[in-house]
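Protein sequence lines correspond, in order, to chains A and B. Start counting the first sequence at 0; every next residue gets the next number (numbering that gives the first Met the number 0). Start counting the second sequence at 0; every next residue gets the next number (numbering that gives the first Met the number 0).
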Amino acid sequence: MKKRGDRILLAHGGGGQLGDELIRHYILPKFKNDALAELADSAKLNLASGSVCFTTDSYVVKPLFFNGGDIGKLAVCGTINDLAVAGSVPVALSLSLIIEEGFEFELLEKILASVGEAARQNNVNIVTGDIKTVEAGAADKIFINTAGIGTRLAGVDLGFNRISVGDKIIINGTIGDHGMTIISQREGIKFQSMLKSDCASIAKLAQQLLGSSERVKFMRDPTRGGLAATLNEICRASGLSIEINEADIPINPTVQAAADMLGFDVLNIANEGKFVAIVSAGSADNCLNICKKNKLGKEAGIIGEVVETRDMPTVEITTKIGGKRIVQMPYGRELPRIC
Amino acid sequence: MLEKIYEAQSVMNAACETLGRQINIMEVCGTHTVSIFRNGIRSTLPGRIKLLSGPGCPVCITDQSYIDAVLALAERDDCLIATYGDMIRVPGKGGSLETKQSSANVKVVLSSEDALQLAKDNPEREIVFVAVGFETTAPATAVVVKEAAAEGIDNFCVLSGHKLVVPAMRALVSEKNHKIDGFLCPGHVSVIIGYGAFAEIVEDFGRPCVVAGFEPMQIIEGLSEICRQLAAGKPELKSIYSAVVTEQGNTTAQKIIAECFEAADGYWRGLGKIKESTLKLKDKYRQFDAFKRFNIAETSGGERNGCRCGEVLCGLIEPPECKLFAKSCTPQTPVGPCMVSSEGACSAWFKYNRRRLRNEKERR
């Protein structure tokens, strides 16, 4: 095909010939499906169920490529995971790219290949999309937005209102892997090569859990703000409190070491292939077994339970030495500390 | 592990019995404070053992005038501020560095070397390294100052806010009526200055000084050792972090500090002026001194308008007894160091006890 240099120009987003070439030669071949092939203003979808889940998320991760994934894989898996934990089967995604002028085609191709690969693996189609280009400096290389639609699983009803005292809290594996990988790579920390993002779609595992006869009451993926944010959100919304046990929380020792070195609390660090599931006490062991049979749940654990609120809804952790402390909602950005 | 904890608890209980009162122990190091907080150590201690979080977080005790000077430099487009992440949220008069970060004149670095590298990479800009921290980070600053001098990198300078631990401890126990019974001394600082540096606190003020590591068990053992000494009526200097800390410390690091810096009187947030408690670049390196390069006067941030952090640190009052508490001084708009640090005594009070009190009131 004809290439105008090897970098993105402003004209690629101008709606003309260049943009058309970009779409036909780079985009369409990677995401073959009928809905997209029409290149209509909107994709027409025929869905099996009348009830759908709909979500959107933007991805601005830096670096674009990290151990365990890249922004393309993240943009697909992240949105799929949001659909999955809401109790739906992801069906279709939109893909919007905001590209900085001068971005290398080669990198764009790699990212699009990742998007295509992740979509295929999860049986979802990229059915509509958009490309905008902005002047150099107006964006950082590439930003991606994906929105997604999923059909709701019949008979599955998840919600804060279903959570009750005595319910158990399950996480499907080690925490903090994604965030520490990104931070270490960004800061050039020496053991970065030993860290790997957990970036993955948890849709299949979520469906296995939700499709079983076990009583799963609520699920959420602890992305930004980590486990601490998700558990605090659950407390705030349900009015109940949570007690977790530090010794039961799966953590990769390298992640812990990296976090200690930078003064971070692993509980606050982002995950991209994890969910927190609140399940009835009687279902906890069976749910754990379902997780453990899936490769994304091998290290799953029951990390705590829902308890009565005494004064105000709080997340309390029992530390390895038997001490207790309150796990706060993180401020919003972790900073390395010297003291 | 639990057995060791029970043993430590019984030593502490026995000490409170012997003394017939509460025992107040100050941990001087910010990393101890964080570890105590994260591991929930307070909840494992007998009720009559009170931990006072000392002025051990180097950014929390940085005077407001210093922050204001950094903020003013961040306004200049010819300057690039290189700072440790801790400094980002410390408030000055017109906000914090975090709010200035959008102007792209502020860069978070992990080491002094990164700051010097910025100078090499950006020859058209003045790199101002916000050099804070105790004796632990001062040698790293000294190294890059020497490097900059040797390589003739003249767009690099250092705004030294380095502080010394022992003078601050002296200031606290010189305070009238202070209630500090003993010090859990900082592990990292001791690696540099040697545990021998705390001997004067034991000798002049009769307070036990025990150096401990940061693992929760080491902290608990350190506290129990202090209690044991108090019960025996024999304050001692002791390191239970012995594998890493020697009496003399790291003499190479001490030498390099002495080569570049000299002790000067300095201002501490909430504590005021403390004699010979800060490190100032020596005249030999004056060209790298940001205070001189930008003509910044070293003043105090002014009276703290009634801030009583000094008394909170000394165990003389509880945070709510300060008039500013929860009024003009909150975690969002902190006045003193105890509110600046998220693990500081005032901040912790604000977050937990205050909400609890309010809830109880509402229920009534």
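Think of the CB as a built atom: it goes at the ideal place given N, C-alpha and C, for glycine as much as any other residue.
By Cβ distance below 6 Å, which residues in the same chain neighbour B/Met25 in space, the five residues on each side in sequence not counted? Leu51, Gly53, Ile179 and Phe182
Tell me which same chain residues have a C-beta within less than 7 Å of the C-beta of A/Gly18, skipping the five on either side of it? If the five residues before and after A/Gly18 are omitted, its C-beta is found closer than 7 Å to the C-beta atoms of His11, Gly12 and Ile130, all from its own chain and listed in chain order.
Using only alpha-carbon positions, find the residue among B/Ser95, B/Val27, B/Glu16 and B/Leu117 that is nearest to B/Phe133. B/Val27
Bridge-paired residues (DSSP) for B/Ala262: DSSP lists B/Leu278 as partners of B/Ala262.
Could you list the residues in the region 34–63 of chain B with a C-beta less than 8 Å from some C-beta on chain A, going in chain order? Phe36, Arg37, Asn38, Gly39, Ile40, Arg41, Ser42, Thr43, Gly55, Cys56, Pro57 and Val58
Of the listed residues A/Phe30, A/Gln16 and A/Val126, nearest to A/Leu44 (C-alpha basis): A/Val126
Under 8 Å between the Cβ atoms of B/Ile295 and B/Gln253? no
Using 8 Å as the limit for Cβ to Cβ distance, is A/Lys140 near chain B? no
Is B/Val157 closer than 8 Å to B/Thr136 when the C-beta atoms are compared? no
Range of the contiguous alpha helix (DSSP H) that encloses B/Gly221: Pro215 to Ala231
Is the region 2–13 of chain B close to the region 266–284 of chain A, with three or more CB pairs under 8 Å? no
Under 9 Å from the C-beta of A/Lys167: neighbouring residues of chain B: Per Cβ cutoff of 9 Å: no residues; A/Lys167 is ~22 Å from chain B at best.
Amino acids of chain A, ordered along the chain, whose beta-carbon sits closer than 8 Å to that of B/Tyr351: Ile325
Measure how close the beta-carbons of B/Leu96 and B/Val127 come, nearest whole angstrom, since I'm counting them as under 8 Å. About 12 Å separates the two Cβ atoms, so there is no contact after all.
Taking one C-beta from the region 103–116 of chain A and one from the region 63–73 of chain A each time, how about it: are there three or more such pairs within less than 8 Å? yes
Expressed to the nearest angstrom, what Euclidean distance is found between the alpha-carbon atoms of B/Val339 and B/Cys321? When rounded, the separation of the alpha-carbon atoms in B/Val339 and B/Cys321 is 15 Å.
Report yes or no: is there a C-beta of chain B within less than 8 Å of the C-beta of A/Thr347? With chain A represented from 0 up to 338, any question about residue 347 of chain A goes unanswered, as that position is not in the structure.
Keeping to the same chain, check which residues put their C-beta closer than 6 Å to that of A/Glu178; ignore five residues upstream and five downstream. Reading off the sequence shown, one finds Gly at residue 178 of chain A, where the question assumed Glu. Excluding residues within five positions, the ones whose Cβ falls inside 6 Å are Ile268 and Ala269.
For a contact meaning CB atoms closer than 9 Å, what does A/Glu99 contact in chain B? Under the 9 Å cutoff, chain B gives no residues; its nearest Cβ is about 16 Å from A/Glu99.
Give, in chain order, every residue of the region 167–196 of chain A whose Cβ lies closer than 7 Å to some Cβ of chain D. The structure shown contains no chain D; the protein chains it does contain are A and B.
Enclosing alpha helix (DSSP H) for B/Ile24 [first to last residue]: From DSSP, B/Ile24 is part of no alpha helix (DSSP H) but of the beta strand (DSSP E) over Ile22 to Glu26.
Starting from B/Met216, find everything on chain A with Cβ-Cβ shorter than 8 Å and list it in chain order. Ile320
With A/Tyr58 as the anchor, note down where its beta strand (DSSP E) starts and where it stops. Per DSSP, the continuous beta strand (DSSP E) segment holding A/Tyr58 begins and ends at Val51 to Tyr58.
Just verifying my parser: in three-state terms, what is the DSSP assignment at A/Met0? Note that A/Met0 scores 45 on pLDDT, short of 50, meaning its location in the model is unreliable; the coordinates nonetheless yield the value given after this. A/Met0 falls in the coil class under three-state DSSP.
A/Glu99 and A/Asp139 closer than 8 Å at C-beta: yes
Can you list the alpha helix (DSSP H) stretches of 4 or more residues lying completely in the region 143–228 of chain A, in chain order? 176–186 and 202–210
Would you mind telling me which residues of chain B sit closer than 8 Å to A/Asp264, beta carbon to beta carbon, in chain order? Arg37
Do you know whose CA, among B/Tyr284, B/Val244, B/Ile239 and B/Thr250, lies nearest B/Glu261's CA? Taking only the C-alpha atoms, the option nearest B/Glu261 is B/Tyr284.
Which chain A residues are close to B/Met11, counting only those with a beta carbon under 7 Å from its beta carbon? In chain order: nothing, as chain A lies at least about 14 Å away.
If you count every other CB in all the chains shown that lies within 10 Å of the CB of A/His24, and 16 or more means buried, which is it? exposed
Decide yes or no for the touch test of the region 240–251 of chain A against the region 303–319 of chain A: beta carbon pairs closer than 8 Å, at least 3 of them. yes
Mapping DSSP to helix, strand and coil, what is A/Cys234? Correct three-state label for A/Cys234: helix.
Separation of A/Val59 from A/Thr222, as counted between CA atoms: So the alpha carbons of these two residues sit roughly 14 Å apart.
B/Gln63, buried or exposed, once every other Cβ within 10 Å from all chains shown has been counted against 16: buried
Is the region 145–162 of chain A touching the region 214–230 of chain A, taking contact as three or more C-beta pairs under 8 Å? yes
With H, G and I counted as helix, E and B as strand and the rest as coil, what does DSSP make of B/Cys337? helix
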